[in-house]
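Q: Quick one: this structure, given as structure tokens, is what I'll be asking you about.
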Amino acid sequence: MDLYDIAIIGGGPGGLFAAYYAGLRGMRVLILDSLPTLGGQLATLYPEKFIYDMPGFPKVLARDLAANMIEQAMQYEPTVRLEETVTGLCSDGEKVTLTTNKAVHHARVALITAGVGAFEPKTLDVPGVRELTGKGIEHYVNDKSVYDGKRVVVVGGGDSAIDWALNLAGNAAEVILVHRRDAFRAHEESVVACTRNPRITFKLFREVKEVHGVDRVEAVTLAHNRNLGEETIGCDAVLLFLGFSADLGPIKSWGLEISRNSVVVDEHMQTTIARVFAAGDVVWHEGKIKLIATGVGEAAIAVNFAKNTLDPKALVFPGHSSEINSPTRSVSVEI
Ligand code: FAD
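According to this note's numbering, the residues represented by the sequence shown are 120 to 454, in order.
Rendered as structure tokens:
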């Protein structure tokens, strides 16, 4: 049985900072996340937005902050398992067993940094979408080169849709941006850049009515939502960037005390289950504020008390990082 010192459920800012601290404290770390990428809400919900309330950063793009937090977390080489949703958790008082959609993992302690729960991309309930998902209909882009020279329909009006329309315009022959309104919830400069890009065509006030194709996407029918008819356009891919829904779902069935849709913790970030800690957006305690700055502080508290749980001789206080050499390299961030 492969026994980790700490299994971290969720690779958002809380989980990433916890992974760094656990590495610093000599713990063997497993990070599990249901998404195909680390970074949590920063990477998934608002990568192109600036954050203004991180200590030391007058402003920083969420995407850049996530990248730096990932680099910091990876210094001690934790095991990272992506696209694994933790569905079950039980503690026998000595170790915690975690069941995911792919495997069973064991750790001496667990830390829940699951934010608002496992994210699922929102999809469309129209003919052809279920059948052609994975066959030209996608909710993520893993490899841009797949779209080289293709005609790509991007659906959505938020940061992800705008950002990917711009990004793919460098690869695709044509990007057709479909949105049901004429206003976008995206970084203004990026929207302007899209309007100026000759490879991007806008189809506004349109909604996808049907996606056509046999083994692959071949065309999409768009309906004008102001009763100006329909059109069917040939295309090779339909990318749906319609946001994400989050579900605390399975976490509620693990026997933890839950209050305000969150996991109740004490001042050590200990939950009501032995050897299970929690931090970040997922927790509730008196004085809880759901921010990155407070969540990463909770993660540091949780890991240091977890270390002391595993080894009562280990001090809770980790020492100052400024007095410890970095394991690989020091992280420098250009601002
Ligand atoms: P999350 O970032 O939510 O990460 C949790 C991770 O856990 C996710 O990756 C999820 O996939 C994973 N997960 C959940 N359940 C499971 C499971 N069962 N199995 C496996 N993985 C699971 N905060 C600020 O401080 N300043 C800001 O300016 C700011 N702006 C924001 C703007 C927007 C639009 C939004 C939506 C939020 C903003 N926030 C901001 C809030 C901030 O992003 C959150 O406080 C922060 O992301 C919480 O970090 P976390 O690690 O607790 O959770």
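Quick reminder that beta carbons are idealized off the backbone N, C-alpha and C, glycines included.
1) Between the alpha carbons of residue 139 and residue 422, how many angstroms are there, rounded?
2) Leaving out five residues on either side along the sequence, give the residues of the same chain with a beta carbon under 7 Å from the beta carbon of residue 204.
3) What did DSSP end up calling residue 125 once you bin it into helix, strand or coil?
4) Under 6 Å: does the beta carbon of residue 153 sit that close to some heavy atom of the ligand FAD?
5) With three or more beta-carbon pairs closer than 8 Å as the criterion, would you say the region 180-198 touches the region 368-384?
6) What I want to know is whether the C-beta of residue 165 ends up closer than 6 Å to one or more non-hydrogen atoms of the ligand FAD.
7) Distance check for residue 305 and residue 424, CA to CA, integer angstroms please.
8) Going by alpha carbons, who is nearest to residue 179 out of 166, 194, 191?
9) Is the Cβ-Cβ distance between residue 240 and residue 329 less than 7 Å?
10) Which partner residues of residue 173 appear in the DSSP bridge assignment?
11) Report the CB separation of residue 97 from residue 235 in whole angstroms; it is logged as a contact under 8 Å.
12) Hey, would you say the C-beta of residue 238 is under 6 Å away from at least one heavy atom of the ligand FAD?
13) Which residue wins for smallest C-alpha separation from residue 231, given the options 392, 173, 292?
14) Taking residue 331 as the reference, give the member of 175, 382, 418, 357 with the closest Cα.
15) Is residue 410 near the ligand FAD, in the sense that its beta carbon is under 6 Å from a heavy atom of that ligand?
16) Which one of 267, 146, 132, 362 has the shortest CA to CA distance from residue 226?
17) Assuming residue 223 and residue 215 are in contact, meaning their beta carbons sit under 8 Å apart, how far apart are those beta carbons, in whole angstroms?
18) Check the C-beta distance from residue 277 over to residue 360 and give it rounded, since I have them as a contact under 8 Å.
19) Taking the Cβ atom as the reference point for each residue, do residue 274 and residue 287 lie within a distance shorter than 7 Å?
20) Using alpha carbons as the reference points, say which of 412, 191, 133, 149 lies closest to residue 175.
21) Residue 396: which of 420, 260, 187, 158 sits nearest, CA to CA?
22) What residue from 135, 131, 141 has the CA that sits closest to residue 124's CA?
23) At which residue ranges does the region 335-400 contain complete beta strand (DSSP E) runs of 3 or more residues, listed in the order of the chain?
24) Quick one: give me the first and last residue of the beta strand (DSSP E) that residue 135 is part of.
25) In whole angstroms, what is the alpha-carbon distance linking residue 193 and residue 386?
26) CB-CB under 7 Å to residue 451, same chain, minus the five flanking residues each way: which ones, in chain order?
27) Given 6 Å as the limit, tell me if residue 198 has its C-beta closer than that to any heavy atom belonging to the ligand FAD.
28) Given a cut-off of 7 Å, decide if residue 136 and residue 433 are closer than it, judged by their beta-carbon atoms.
A: Looking at the coordinates:
1) 10 Å
2) 153, 219, 220, 237
3) strand
4) yes
5) no
6) yes
7) 40 Å
8) 166
9) no
10) 176
11) The question about residue 97 has no answer here: the residues shown for the chain are numbered 120 through 454.
12) yes
13) 392
14) 357
15) yes
16) 146
17) The Cβ separation is near 11 Å, so there is no contact.
18) 7 Å
19) no
20) 412
21) 420
22) 141
23) 338-343, 349-353, 356-359, 363-366, 381-383, 395-397
24) Here residue 135 belongs to no beta strand (DSSP E); instead the alpha helix (DSSP H) covers 132-143.
25) 27 Å
26) In this prediction, residue 451 scores a pLDDT of 40, lower than 50, which makes its location untrustworthy; the coordinate-derived value is nonetheless stated afterwards. Here the set comprises nothing.
27) no
28) no
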